[in-house]
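As structure tokens, the structure follows; a few thoughts come after it.
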Amino acid sequence: MLDEANKFHPNIKLVRQIGRNAPFLDVFIQNSNEALITSVYHKEAAESYVAPFGSDHPDHVFRNTVDTAITRGVRYSTTLSQFEEEIRQMKLMFFYNGCVSGISEVRWTGKGETPSGDFIWSGEDTTHTRGVGMLLSAKAKKTLIGYNPISSRVITARFNATPFKLTVIHVYAPTSASSDDEIEIFYDSIEHALTQTPKKDIIIVTGDWNGKIGSDNTHWESVMGRYGYGDRNERGDRLLEFAALHNPYICNTRFQQKANRKWTWASPDGVHKNMIDLVLIQKRWKSSVTNCRTFQSADISSDHSLVLCNIKLRLKRRCIKPQQYHRAD
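Using UniProt numbering, read the sequence shown as starting at 1 and increasing by one per residue.
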């Protein structure tokens, strides 16, 4: 079956992996000589579960998974110009009146920005793993002061705004299967980003935290509201400890929402649903947040859903050209 599936489209390569810990299929886009090569890869799950095409499942389940992956794979553009048009369409869908969209697991190597300047990213030097980035609206591009690709898991961008300048930090946390050392390195990177941020800046931290904070905010009222989702795990505890230390508030928990407006990630079989993509803002600015919810209807071809956070801030256009990225010492 895989041989036939791999003949379906030249940009698709499918491999079967059997086992209870097998990750699920996802799509990877690679820029090669101004052409986008789309491939289907095995993505590590946010938590352990039985993959829908594991050895204990019938072939028709695996076949359905392959069909879904093929459908998703061929939807992507195969030229850079077409991809830029897709970005424009994504902006129309994502931003509304907003400015910045953080993207985790970009899987692009190196660091930099697209020629149009509306996408900045930070990835591994040679391997197509991890990676973080930000899509910028036209307004955000004009107000961008600079950006800092700290690592393949952390990127920051600073914008001219009122009443104070705005720093957005986007992160991609290691999964629950990662070692404690890797988790601590990740949080050290965020703390490094915070120390590099001017004290007067408004700071927003977004990203895939791969940790479940649950719905019970007992003893954590200062950093999360009463409207979380599901149960908490060890990685969620670590996130709450980080929030208690650095004083941000988790916006996703501030507003009462329907369940499908809370969870941000779902397993391919739809059984497991977690709220792991979170938006954090300094507590003194949490009253500026007017809403924070998930949009399940937004088709972004991912196991994660779009999280939209509305914050009342005004961006001010800069008169000088935004600087290139820089690495912090």
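All residues carry an ideal CB built from backbone N, CA and C; glycine is no exception.
From the options, residue whose alpha carbon lies closest to that of residue i
i	options	result
G146	I120, W263, L239	I120
W263	S122, H304, R235	H304
E184	K283, K139, T109, L239	L239
L313	D237, T167, N217	T167
E105	D125, T127, V132	V132
T127	T109, G225, H219	T109
Y172	K111, C292, D216, S151	S151
K111	I281, Y187, I155	I155
H246	N260, K258, N217, T197	T197
E221	A244, K212, R158	A244
F255	S302, R235, L308, E241	L308
residue 379	A177, R153, L144	In this structure the chain extends from 1 to 329, so residue 379 is not present and cannot be described.
R235	R261, R226, T218, E182	E182
R153	K139, A177, F186	F186
E124	N217, R107, G117	R107
Supposed close pair residue i, residue j - CB separation, criterion 8 Å
i	j	result
K286	Y229	19 Å between Cβ atoms; not a contact.
V289	C251	5 Å
I169	I202	Not confirmed; about 12 Å, so no contact.
M224	T253	4 Å
Boundaries (first-last residue) of the alpha helix (DSSP H) holding residue i
i	result
F242	234–246
S189	180–195
Through-space distance from residue j to residue i, alpha-carbon basis
i	j	result
P23	S267	Here P23 scores only 47 on pLDDT, less than 50, and its place in the model is too uncertain to base an answer on.
N233	N148	31 Å
K273	L135	26 Å
F164	K283	15 Å
N310	I281	12 Å
G102	G207	7 Å
T294	G270	16 Å
K141	C292	23 Å
N210	K200	29 Å
T114	T175	28 Å
K258	E241	27 Å
S122	A157	11 Å
S302	Q296	11 Å
S137	V100	6 Å
D180	H219	24 Å
H192	R130	19 Å
R226	I213	11 Å
K139	M275	29 Å
W265	L278	11 Å
D188	S116	32 Å
Y96	R261	Because the pLDDT at Y96 is just 45, under 50, the model does not fix this residue reliably, and the point stays unresolved.
S215	D118	36 Å
D231	N217	11 Å
Residue i - containing beta strand (DSSP E), residue span
i	result
C309	306–311
Q282	277–282
F255	Looking at the DSSP string, F255 is not in any beta strand (DSSP E), and its letter there is neither H nor E.
R226	Counting along the chain, R226 falls outside any beta strand (DSSP E), and DSSP gives it neither H nor E.
N291	289–295
V205	202–208
Residue i CB to nearest heavy atom of the ligand SAH below 7 Å
i	result
A244	Of ligands this structure carries none, so the ligand SAH is not represented either.
| task | Could I get the ranges of all uninterrupted alpha helix (DSSP H) runs contained in the region 95–176, with 4 residues as the minimum, in chain order? | result | 138–143
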